[in-house]
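Here my numbering is used: the first residue of the sequence shown is 5, the next is one more, and so on. All C-beta atoms, glycine included, are put in the ideal place defined by N, C-alpha and C. Below is one structure; the comments refer to it alone.
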Amino acid sequence: MSRIIKTADRVSQFAEKNLKNKKEFGEDARLAFKRHLNDLKRSEKNDPEFPYIFVPEKAEDIIELANKLTIAEGEGNETFTCAGFQEFILGSLFGWVHKETGKRRFTDSYVQVARQQGKSVLNAILGIKCSNFDNYNYAQIYCTATKQDQARIVLNEISKFINADADLQELFEIKDYKSEIIAKLTNAVIRALGRDTKSIDGFRPYLGIVDEYHAHKDNQMYKLLKGGTRKLKQSLISVITTAGFNLNAPCYELYKYCRRVLRGIDTNDRQFIYIAQMDEKDDIWDPKNWIKCCPLTGNDPELVSQMQEDARKAKSMGGEELRDFLTKSLNIWVTNTE
(Lines of atoms letter the chains of each structure in order from A and count residues from 1; the text may use other names and numbers.)
(Lines give C-alpha, C1' and ligand atoms only; values in the text may rest on other atoms or scores of the structure.)
Protein backbone atom coordinates (compact mmCIF):
# COMPACT_ATOMS: atom_id res chain seq x y z
CA MET A 1 0.00 0.00 0.00
CA SER A 2 1.38 3.40 -0.96
CA ARG A 3 1.94 6.00 1.71
CA ILE A 4 -0.80 8.63 1.99
CA ILE A 5 0.54 12.18 1.84
CA LYS A 6 -1.53 14.32 4.19
CA THR A 7 -0.05 17.68 3.25
CA ALA A 8 -1.80 19.54 0.45
CA ASP A 9 0.79 21.96 -0.94
CA ARG A 10 3.45 20.87 -3.43
CA VAL A 11 6.39 21.98 -1.28
CA SER A 12 5.33 19.85 1.67
CA GLN A 13 4.27 17.00 -0.61
CA PHE A 14 7.72 16.97 -2.18
CA ALA A 15 9.36 16.95 1.25
CA GLU A 16 7.19 14.11 2.54
CA LYS A 17 7.48 12.07 -0.65
CA ASN A 18 11.30 12.22 -0.63
CA LEU A 19 11.98 12.19 3.09
CA LYS A 20 13.31 8.62 2.88
CA ASN A 21 14.32 8.63 -0.79
CA LYS A 22 17.96 7.60 -0.45
CA LYS A 23 18.31 6.79 -4.15
CA GLU A 24 17.86 10.36 -5.38
CA PHE A 25 18.69 12.56 -2.38
CA GLY A 26 21.65 12.65 -0.04
CA GLU A 27 21.38 12.97 3.72
CA ASP A 28 21.64 16.77 3.72
CA ALA A 29 18.74 17.18 1.29
CA ARG A 30 16.65 14.68 3.26
CA LEU A 31 17.42 16.60 6.46
CA ALA A 32 16.14 19.76 4.74
CA PHE A 33 12.89 17.93 3.97
CA LYS A 34 12.69 16.68 7.57
CA ARG A 35 13.30 20.18 8.88
CA HIS A 36 10.43 21.57 6.80
CA LEU A 37 8.02 18.86 7.97
CA ASN A 38 9.09 19.22 11.60
CA ASP A 39 8.62 22.99 11.35
CA LEU A 40 5.06 22.47 10.12
CA LYS A 41 4.38 20.59 13.37
CA ARG A 42 6.14 23.25 15.44
CA SER A 43 4.01 25.90 13.79
CA GLU A 44 0.82 24.19 14.96
CA LYS A 45 1.90 24.25 18.62
CA ASN A 46 1.92 28.06 18.96
CA ASP A 47 5.44 27.96 20.39
CA PRO A 48 6.52 31.58 21.08
CA GLU A 49 10.08 30.60 20.15
CA PHE A 50 8.87 29.60 16.68
CA PRO A 51 6.48 32.34 15.50
CA TYR A 52 6.33 31.17 11.88
CA ILE A 53 3.70 29.62 9.65
CA PHE A 54 3.87 28.13 6.18
CA VAL A 55 1.41 29.73 3.76
CA PRO A 56 1.05 27.56 0.63
CA GLU A 57 -0.44 30.41 -1.40
CA LYS A 58 2.74 32.47 -0.98
CA ALA A 59 4.84 29.50 -2.04
CA GLU A 60 2.61 28.95 -5.06
CA ASP A 61 2.97 32.60 -6.12
CA ILE A 62 6.69 32.36 -6.81
CA ILE A 63 6.51 28.84 -8.24
CA GLU A 64 3.79 29.91 -10.67
CA LEU A 65 5.78 33.02 -11.58
CA ALA A 66 8.82 30.84 -12.31
CA ASN A 67 6.77 28.43 -14.42
CA LYS A 68 5.52 31.29 -16.62
CA LEU A 69 9.01 32.47 -17.56
CA THR A 70 10.41 31.79 -21.01
CA ILE A 71 13.82 30.34 -21.79
CA ALA A 72 15.07 31.84 -25.04
CA GLU A 73 18.52 30.26 -25.03
CA GLY A 74 19.02 27.30 -27.36
CA GLU A 75 17.12 26.09 -30.39
CA GLY A 76 13.87 27.87 -29.61
CA ASN A 77 11.76 29.46 -26.90
CA GLU A 78 10.31 27.16 -24.27
CA THR A 79 8.47 27.71 -21.01
CA PHE A 80 10.59 27.23 -17.92
CA THR A 81 9.45 24.38 -15.68
CA CYS A 82 10.67 24.09 -12.11
CA ALA A 83 12.07 20.75 -11.06
CA GLY A 84 10.81 19.43 -7.73
CA PHE A 85 13.86 20.51 -5.76
CA GLN A 86 13.62 24.01 -7.27
CA GLU A 87 9.97 24.25 -6.22
CA PHE A 88 11.00 23.18 -2.73
CA ILE A 89 13.67 25.89 -2.54
CA LEU A 90 11.58 28.74 -3.96
CA GLY A 91 8.42 27.72 -2.13
CA SER A 92 10.22 27.43 1.19
CA LEU A 93 11.86 30.84 0.87
CA PHE A 94 8.57 32.63 0.22
CA GLY A 95 6.03 30.34 1.90
CA TRP A 96 7.37 30.60 5.44
CA VAL A 97 6.33 33.87 7.11
CA HIS A 98 5.95 35.38 10.59
CA LYS A 99 2.50 34.64 12.00
CA GLU A 100 1.83 38.20 13.13
CA THR A 101 3.74 40.44 10.74
CA GLY A 102 3.49 38.33 7.58
CA LYS A 103 7.15 39.08 6.84
CA ARG A 104 9.25 36.31 5.37
CA ARG A 105 10.92 33.99 7.83
CA PHE A 106 14.16 33.35 5.99
CA THR A 107 16.68 36.19 5.82
CA ASP A 108 19.53 33.97 4.66
CA SER A 109 19.66 31.14 2.15
CA TYR A 110 22.45 28.67 1.39
CA VAL A 111 21.98 26.40 -1.62
CA GLN A 112 24.80 24.17 -2.85
CA VAL A 113 24.44 22.08 -6.01
CA ALA A 114 26.80 20.93 -8.77
CA ARG A 115 27.39 23.06 -11.88
CA GLN A 116 24.81 23.25 -14.65
CA GLN A 117 22.00 22.60 -12.17
CA GLY A 118 20.18 25.90 -12.57
CA LYS A 119 21.98 28.02 -9.97
CA SER A 120 21.91 31.26 -11.96
CA VAL A 121 18.33 30.62 -13.07
CA LEU A 122 17.17 30.26 -9.46
CA ASN A 123 18.82 33.54 -8.52
CA ALA A 124 17.32 35.20 -11.60
CA ILE A 125 13.84 34.09 -10.50
CA LEU A 126 14.48 35.60 -7.07
CA GLY A 127 15.58 38.83 -8.73
CA ILE A 128 12.46 39.08 -10.89
CA LYS A 129 10.16 38.25 -7.98
CA CYS A 130 11.71 40.62 -5.44
CA SER A 131 12.03 43.54 -7.86
CA ASN A 132 8.56 43.83 -9.40
CA PHE A 133 6.29 41.25 -7.81
CA ASP A 134 6.82 41.40 -4.05
CA ASN A 135 4.86 44.55 -3.13
CA TYR A 136 8.00 46.43 -2.14
CA ASN A 137 8.89 49.82 -3.63
CA TYR A 138 12.39 51.08 -4.42
CA ALA A 139 14.01 47.76 -3.57
CA GLN A 140 17.77 47.53 -3.95
CA ILE A 141 18.78 44.20 -5.44
CA TYR A 142 22.42 43.30 -5.92
CA CYS A 143 24.03 40.45 -7.84
CA THR A 144 27.53 40.13 -6.40
CA ALA A 145 30.64 38.11 -7.15
CA THR A 146 34.40 38.44 -6.90
CA LYS A 147 34.44 40.39 -10.17
CA GLN A 148 31.74 42.35 -11.95
CA ASP A 149 31.91 40.11 -15.03
CA GLN A 150 30.97 37.16 -12.83
CA ALA A 151 28.30 39.21 -11.08
CA ARG A 152 26.73 39.98 -14.46
CA ILE A 153 26.00 36.29 -15.07
CA VAL A 154 22.87 36.41 -12.90
CA LEU A 155 21.96 39.84 -14.28
CA ASN A 156 22.21 38.42 -17.79
CA GLU A 157 19.92 35.53 -16.85
CA ILE A 158 17.34 38.05 -15.65
CA SER A 159 17.74 40.00 -18.91
CA LYS A 160 17.20 36.86 -20.97
CA PHE A 161 13.94 36.11 -19.17
CA ILE A 162 12.80 39.71 -19.74
CA ASN A 163 13.77 39.82 -23.42
CA ALA A 164 11.95 36.55 -24.09
CA ASP A 165 8.61 37.85 -22.76
CA ALA A 166 6.76 40.85 -24.22
CA ASP A 167 4.87 41.44 -20.95
CA LEU A 168 8.08 41.53 -18.92
CA GLN A 169 9.66 43.89 -21.43
CA GLU A 170 6.96 46.42 -20.55
CA LEU A 171 7.64 46.00 -16.84
CA PHE A 172 11.44 46.26 -16.87
CA GLU A 173 14.04 48.52 -18.42
CA ILE A 174 17.43 46.93 -19.08
CA LYS A 175 20.36 49.34 -18.84
CA ASP A 176 23.14 47.06 -19.97
CA TYR A 177 25.73 49.83 -20.15
CA LYS A 178 25.21 50.46 -16.42
CA SER A 179 24.94 46.76 -15.47
CA GLU A 180 21.49 47.35 -14.04
CA ILE A 181 17.81 46.69 -14.61
CA ILE A 182 14.97 48.98 -13.52
CA ALA A 183 11.62 47.52 -12.37
CA LYS A 184 8.98 49.97 -13.59
CA LEU A 185 6.15 48.93 -11.25
CA THR A 186 8.12 49.45 -8.06
CA ASN A 187 11.16 51.54 -9.07
CA ALA A 188 13.39 48.75 -7.82
CA VAL A 189 16.94 48.53 -9.17
CA ILE A 190 18.78 45.28 -9.91
CA ARG A 191 22.51 45.89 -10.18
CA ALA A 192 25.61 43.74 -10.73
CA LEU A 193 28.46 44.40 -8.33
CA GLY A 194 31.90 42.87 -8.10
CA ARG A 195 34.50 43.27 -5.44
CA ASP A 196 36.33 45.35 -8.04
CA THR A 197 33.45 47.83 -8.11
CA LYS A 198 34.79 51.19 -6.93
CA SER A 199 32.28 51.72 -4.13
CA ILE A 200 30.41 48.87 -2.50
CA ASP A 201 29.59 50.43 0.87
CA GLY A 202 26.32 51.98 2.03
CA PHE A 203 23.90 49.61 0.31
CA ARG A 204 20.57 48.44 1.77
CA PRO A 205 19.80 45.27 -0.19
CA TYR A 206 16.25 43.95 -0.19
CA LEU A 207 17.78 41.00 -2.01
CA GLY A 208 21.49 40.28 -2.06
CA ILE A 209 22.67 37.53 -4.40
CA VAL A 210 26.11 36.05 -3.77
CA ASP A 211 27.14 34.06 -6.83
CA GLU A 212 29.69 31.23 -6.58
CA TYR A 213 30.61 32.06 -3.00
CA HIS A 214 33.21 29.28 -3.01
CA ALA A 215 35.45 31.57 -5.11
CA HIS A 216 35.42 34.40 -2.54
CA LYS A 217 38.69 34.59 -0.62
CA ASP A 218 37.03 36.45 2.24
CA ASN A 219 33.53 37.37 3.38
CA GLN A 220 33.79 41.09 2.58
CA MET A 221 30.98 41.16 0.02
CA TYR A 222 28.75 38.94 2.16
CA LYS A 223 29.28 41.11 5.25
CA LEU A 224 28.60 44.33 3.35
CA LEU A 225 25.33 42.93 2.00
CA LYS A 226 24.30 41.46 5.33
CA GLY A 227 25.21 44.62 7.21
CA GLY A 228 23.00 46.65 4.91
CA THR A 229 19.91 44.59 5.76
CA ARG A 230 19.83 45.33 9.49
CA LYS A 231 17.32 48.16 9.26
CA LEU A 232 15.06 46.29 6.81
CA LYS A 233 12.14 44.32 8.22
CA GLN A 234 12.28 41.88 5.31
CA SER A 235 15.28 41.00 3.20
CA LEU A 236 17.13 37.99 1.83
CA ILE A 237 20.80 37.19 1.26
CA SER A 238 20.92 34.32 -1.23
CA VAL A 239 24.05 32.19 -1.61
CA ILE A 240 23.85 29.62 -4.41
CA THR A 241 27.15 27.92 -5.13
CA THR A 242 29.02 24.77 -6.00
CA ALA A 243 31.65 23.23 -3.74
CA GLY A 244 35.19 24.55 -3.99
CA PHE A 245 38.75 23.60 -3.13
CA ASN A 246 39.63 26.31 -0.60
CA LEU A 247 38.77 24.92 2.81
CA ASN A 248 39.91 28.18 4.39
CA ALA A 249 37.34 30.18 2.43
CA PRO A 250 34.24 31.68 4.11
CA CYS A 251 31.97 29.56 1.93
CA TYR A 252 33.33 26.34 3.42
CA GLU A 253 32.78 27.73 6.92
CA LEU A 254 29.19 28.59 6.00
CA TYR A 255 28.74 25.14 4.46
CA LYS A 256 29.90 23.45 7.69
CA TYR A 257 27.67 25.73 9.77
CA CYS A 258 24.63 24.94 7.65
CA ARG A 259 25.24 21.22 7.98
CA ARG A 260 25.33 21.67 11.76
CA VAL A 261 22.00 23.49 11.62
CA LEU A 262 20.46 20.63 9.62
CA ARG A 263 21.65 18.21 12.28
CA GLY A 264 20.34 20.28 15.18
CA ILE A 265 23.82 21.04 16.55
CA ASP A 266 23.28 24.75 15.90
CA THR A 267 19.93 26.52 15.78
CA ASN A 268 18.97 29.21 13.27
CA ASP A 269 15.34 29.44 12.22
CA ARG A 270 16.09 32.31 9.81
CA GLN A 271 18.61 30.35 7.72
CA PHE A 272 17.31 28.29 4.78
CA ILE A 273 19.51 25.39 3.66
CA TYR A 274 19.52 23.01 0.72
CA ILE A 275 22.65 20.99 -0.03
CA ALA A 276 22.65 18.48 -2.88
CA GLN A 277 25.50 16.04 -2.48
CA MET A 278 26.27 12.35 -2.26
CA ASP A 279 26.64 10.59 1.05
CA GLU A 280 30.03 9.63 2.45
CA LYS A 281 29.58 5.92 1.74
CA ASP A 282 28.39 6.42 -1.84
CA ASP A 283 30.62 5.32 -4.70
CA ILE A 284 31.35 8.67 -6.36
CA TRP A 285 32.12 6.98 -9.70
CA ASP A 286 28.76 5.19 -9.90
CA PRO A 287 26.50 7.25 -12.23
CA LYS A 288 23.44 6.09 -10.29
CA ASN A 289 24.59 8.24 -7.36
CA TRP A 290 25.13 11.42 -9.37
CA ILE A 291 21.48 12.44 -9.22
CA LYS A 292 22.07 13.32 -5.56
CA CYS A 293 24.45 16.13 -6.46
CA CYS A 294 23.15 16.75 -10.00
CA PRO A 295 19.34 16.71 -9.64
CA LEU A 296 18.79 18.00 -13.20
CA THR A 297 21.52 16.07 -15.03
CA GLY A 298 20.73 12.86 -13.15
CA ASN A 299 17.28 12.67 -14.73
CA ASP A 300 18.61 12.94 -18.30
CA PRO A 301 20.30 9.77 -19.67
CA GLU A 302 22.03 11.70 -22.45
CA LEU A 303 23.56 14.19 -20.02
CA VAL A 304 24.57 11.37 -17.65
CA SER A 305 26.36 9.69 -20.56
CA GLN A 306 28.27 12.90 -21.30
CA MET A 307 29.14 13.18 -17.63
CA GLN A 308 30.51 9.63 -17.68
CA GLU A 309 32.91 10.66 -20.46
CA ASP A 310 34.05 13.61 -18.35
CA ALA A 311 34.50 11.31 -15.36
CA ARG A 312 36.68 8.84 -17.28
CA LYS A 313 38.85 11.66 -18.61
CA ALA A 314 39.22 13.30 -15.18
CA LYS A 315 40.04 10.00 -13.50
CA SER A 316 42.70 9.22 -16.08
CA MET A 317 44.31 12.67 -16.18
CA GLY A 318 44.20 13.37 -12.45
CA GLY A 319 45.54 16.66 -11.08
CA GLU A 320 43.57 19.80 -11.86
CA GLU A 321 41.22 17.97 -14.22
CA LEU A 322 40.22 15.54 -11.48
CA ARG A 323 39.93 18.22 -8.83
CA ASP A 324 37.68 20.29 -11.10
CA PHE A 325 35.43 17.33 -11.82
CA LEU A 326 35.11 16.45 -8.13
CA THR A 327 34.29 19.98 -7.01
CA LYS A 328 32.21 21.27 -9.93
CA SER A 329 30.53 18.16 -11.33
CA LEU A 330 30.17 16.13 -8.13
CA ASN A 331 29.86 19.04 -5.67
CA ILE A 332 32.54 17.68 -3.33
CA TRP A 333 34.76 19.97 -1.26
CA VAL A 334 38.34 18.84 -1.88
CA THR A 335 41.80 20.40 -1.41
CA ASN A 336 43.93 18.22 -3.65
CA THR A 337 43.76 14.97 -5.58
CA GLU A 338 47.21 13.56 -4.94
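- A straight-line Cα-Cα distance of about 8 Å links Ile166 and Leu73.
- For Leu197, the enclosing beta strand (DSSP E) stretches over residues 192-198.
- The C-beta distance from Pro299 to Ala70 rounds to 16 Å, too long to meet the 8 Å contact threshold.
- Burial is judged here by how many other beta carbons sit within 10 angstroms of a residue's own beta carbon; Pro52 has fewer than 16 and is exposed.
- Here Gly30 has Gln281, Met282, Asp283, Lys296 as same chain residues with Cβ atoms under 6 Å from its own Cβ, once five neighbours each way along the sequence are excluded.
- Ranked by Cα distance from Gln152, the options Ile185, Asn136, Gly198, Ser163 are led by Gly198.
- Where Val101 is concerned, there is no enclosing alpha helix (DSSP H), although the beta strand (DSSP E) around it starts and stops at 100-102.
- DSSP, reduced to helix, strand and coil, places Arg108 within a strand of the structure shown.
- Remark: fewer than three beta-carbon pairs, one from each stretch, lie closer than 8 Å, so the segment 168-184 and the segment 234-253 are not flagged as touching.
- With a threshold of 16 other beta carbon atoms within 10 Å, Leu330 meets it and is buried.
- Each residue's CA atom was taken as its position, placing Lys49 and Phe89 some 27 Å apart.
- Annotated as distal: Tyr56 and Tyr140, with beta-carbon spacing of 8 Å or more.
- One Cα belongs to Leu334, the other to Tyr217, and the distance between them is close to 17 Å.
- Sixteen is the threshold: since fewer than 16 other Cβ atoms of the shown chains lie within 10 Å of the Cβ of Ile288, the residue is exposed.
- The segment 255-262 makes contact with the segment 108-122: 3 or more CB pairs, one atom from each, lie closer than 8 Å.
- Cβ neighbours of Ala143 within its own chain (closer than 8 Å, five residues either side excluded): Cys134, Ser135, Ala187, Thr190, Ala192, Val193, Tyr210, Leu211.
- By the C-beta density criterion, Pro305 is exposed, having fewer than 16 other C-beta atoms within 10 angstroms.
- Bounds of any alpha helix (DSSP H) do not take in Phe276; it lies within the beta strand (DSSP E) bounded by 275-279.
- With contacts defined by Cβ atoms closer than 8 Å, Phe98 and Ile132 do not form a contacting pair.
- For the pair His220 and Thr150, the CB atoms are nearer than the 8 Å cut-off.
- By the criterion of a C-beta distance shorter than 7 Å, Lys332 is surrounded in its chain by Ala118, Arg119, Thr246, once the five residues flanking it on both sides are discounted.
- Taken through DSSP and simplified to helix, strand or coil, Cys298 comes out as coil.
- A straight line joining the alpha-carbon of Arg34 with that of Trp337 spans about 19 Å.
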